[in-house]
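Written below as structure tokens is the structure these notes are about.
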């Protein structure tokens, strides 16, 4: 790139305005609620936004300890906002532990908002500090707002008869009031929200509103204005339509319900509670939709078998879990493959083997999804790329599952499940119907006869006269469906099941490419890596680099067209939050010369890290 440096400078354009705020405190301090509310305020301003909730694995860790710190990061601004930000411009730390865990994430010159009353000897010691960081110059170079938030909150709510313990629960609203002032925001919308949440006359409402007002008033009337620059949020005009912020879990729930309704099927989600998949069940339980029900099973095996039973009966069976639960469901998933019934399996991946890091994001279940069953038991594996894309992928999964009579696994992850972004609420009437045609009686019916185009068997409701279904895991004759121990038949059935799945790649031959269809570098990602990749690509493109990006939605079967696409680029790199699982699949045949960039840290990629890697490849060929 030496000869093109002047061209890059010429094409360099100023980045759009954005800011990143991180709230951090003990689990139970209301950081998620506070961050979620600021997210809403950004959404109604027409800003682009992305969030990153970060939960501790030990949710009942002792208060004030580093391993019990919970945080919520929200980034909002103009232009493309696809990642939650590499670093925080503003950190709200409710105690020393929250500061210690998160201080490294704050940009030089960034703003700290600290509850000074928590920085006592006991709090400092529990956090593992040897001395008070507010007094030893370790925070030099940062702007600091230090306020006695705890006592100011208790003072603000004392008229409502709350004790210290209950009063302190309003600290998050006091802090939110201050933050809204920093961003020149009024509090009226948040007051309305609190009244809707708790009831207008509720003591909780009155106390939280009082704390919110107190934080806003403190900022307005203290010396903050002379030391801290307020953030003037640019006015933004969103695209026409009705918008809301949506999490991946909500989006999956809405997508499943929409797909079932458009298929004119009753749907039952059969699940066992597990982090981070449980919210999907919670959202479907909250919306009492006709024909949509949930069943909380006694264990993961029962959940999956029950979902198969739903599909066997002529409904749409769905089961959800994370990696450990998927392991337990494995034999039942193999049964669904064998009997060739529709089944939607949602895997909200989490970090690490065994229990691992249940609240952290990772993409390490890809090999499990594709190959993680005994015998030859292929199924379709799809991956959403963003919280809002979960809605589309859920519907696509239902469409594929019904059309080809096969289980489909959706690989989400903890980041997508919990993160949120703006979502243009679709017009449901414009979504195409996917009505199911169940098998009807005809002479000479054979249970295993197939559609010649899709190789799918007919979906026959139990009790249909003359069309008795064959159910059970033992191998069946390829025509009659009777139990068969014939070696040649077993080979034939194995080949048929594999061919049916491979045929599905034609549904995904049109692979989207962001950027030129040939050039210096093609970046391939899947799942939640989309956000950091998209931003890194855009920033480098604005500086004159030629980079293209493809986020793969169908991970199995892998489309043959990907090989053709990749051949038009000098370099190809695969980005994923595992040790190179997709890369290893692609290098066997599809893209033998691909490079790999992996990360297994329980956190998303930093945009700055990707920028450095992409520049290295283009400039140095590394």
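Numbering (our numbering), first residue to last: 1 to 622.
For each residue, glycine too, the CB sits at the ideal point set by N, CA and C.
{"Asked": "Burial state of residue 645 (16 or more Cβ within 10 Å)", "Found": "No information on residue 645 is available, as it lies outside the stretch 1 to 622 that the chain covers here."}
{"Asked": "The beta strand (DSSP E) enclosing residue 549, as first and last residue numbers", "Found": "547-551"}
{"Asked": "Residue interval of the beta strand (DSSP E) (run including residue 575)", "Found": "569-576"}
{"Asked": "Residue 218 classed as buried or exposed, judged by whether at least 16 other C-beta atoms fall within 10 angstroms", "Found": "buried"}
{"Asked": "Alpha helix (DSSP H) runs wholly inside the stretch 400-474, at least 4 long, in chain order", "Found": "414-418"}
{"Asked": "Which listed residue (312, 180 and 33) has its alpha carbon closest to that of residue 464", "Found": "312"}
{"Asked": "Proximity of residue 205 and residue 212 at Cβ, strictly below 8 Å", "Found": "no"}
{"Asked": "Simplified DSSP state of residue 12, which is helix, strand or coil", "Found": "For residue 12, the predicted structure reports a pLDDT of 37, less than 50, and the residue's modelled location is therefore unreliable. A value from the coordinates is still provided. Here residue 12 sits in coil by DSSP."}
{"Asked": "Of the residues 347, 24 and 504, the one placed nearest residue 56, counting alpha carbons only", "Found": "24"}
{"Asked": "Among 476, 151 and 612, the one whose alpha carbon lies nearest that of residue 540", "Found": "612"}
{"Asked": "Assigned secondary structure, residue 198 (DSSP; H/G/I helix, E/B strand, else coil)", "Found": "helix"}
{"Asked": "Contact the stretch 244-259 vs the stretch 166-181: 3+ CB pairs below 8 Å", "Found": "no"}
{"Asked": "Integer-rounded CB distance, given that residue 268 should sit under 8 Å from residue 317", "Found": "6 Å"}
{"Asked": "Same chain, Cβ closer than 7 Å to residue 387, neighbours up to 5 away in sequence not counted", "Found": "246, 247, 248, 251, 416, 419, 420 and 421"}
{"Asked": "6 Å Cβ shell around residue 116 - same chain, five flanking residues per side excluded", "Found": "146 and 148"}
{"Asked": "Nearest to residue 623 (by Cα), restricted to the options 477, 350 and 504", "Found": "Lying outside 1 to 622, the shown extent of the chain, residue 623 is not represented and no answer is given."}
{"Asked": "Selection from 604, 83 and 39 that minimises the alpha carbon distance to residue 351", "Found": "604"}
{"Asked": "Per-residue DSSP class, three states only, for residue 390", "Found": "helix"}
{"Asked": "Whole-number beta carbon distance between residue 66 and residue 128, since they are thought to touch under 8 Å", "Found": "6 Å"}
{"Asked": "Rounded Cβ spacing between residue 607 and residue 121 (contact assumed at less than 8 Å)", "Found": "Between residue 121 and residue 607 the Cβ distance is about 40 Å, and since that is not below 8 Å, they are no contact."}
{"Asked": "Selection from 291, 244, 259 and 242 that minimises the alpha carbon distance to residue 266", "Found": "291"}
{"Asked": "Spatial distance of residue 88 from residue 94 (CA atoms)", "Found": "16 Å"}
{"Asked": "Buried versus exposed, by CB contacts within 10 Å (16 or more), residue 131", "Found": "exposed"}
{"Asked": "Simplified DSSP assignment, three categories, for residue 607", "Found": "helix"}
{"Asked": "Residue 275 and residue 358 closer than 8 Å at C-beta", "Found": "yes"}
{"Asked": "Ordered list of beta strand (DSSP E) runs contained in the stretch 161-191, each at least 3 residues", "Found": "none"}
{"Asked": "C-beta atoms of residue 582 and residue 576 nearer than 8 Å", "Found": "yes"}
{"Asked": "For residue 591 and residue 560, the rounded distance between their alpha carbons", "Found": "11 Å"}
{"Asked": "Minimum C-alpha distance to residue 514 - residue among 499, 530 and 104", "Found": "530"}
{"Asked": "Cα-Cα separation, residue 369 to residue 427", "Found": "33 Å"}
{"Asked": "Assumed close pair residue 534, residue 82 - CB separation to whole angstroms, cut-off 8 Å", "Found": "4 Å"}
{"Asked": "8 Å CB neighbourhood of residue 621 in its chain, flanking five on each side removed", "Found": "571"}
{"Asked": "For residue 524: DSSP bridge partner residues", "Found": "550 and 574"}
{"Asked": "Residue interval of the alpha helix (DSSP H) (run including residue 317)", "Found": "That residue, residue 317, is in no alpha helix (DSSP H); its beta strand (DSSP E) goes 316-321."}
{"Asked": "Residue 553 vs residue 569 beta-carbon contact at 8 Å", "Found": "no"}
{"Asked": "Between the CA atoms of residue 166 and residue 62 - distance to the nearest angstrom", "Found": "18 Å"}
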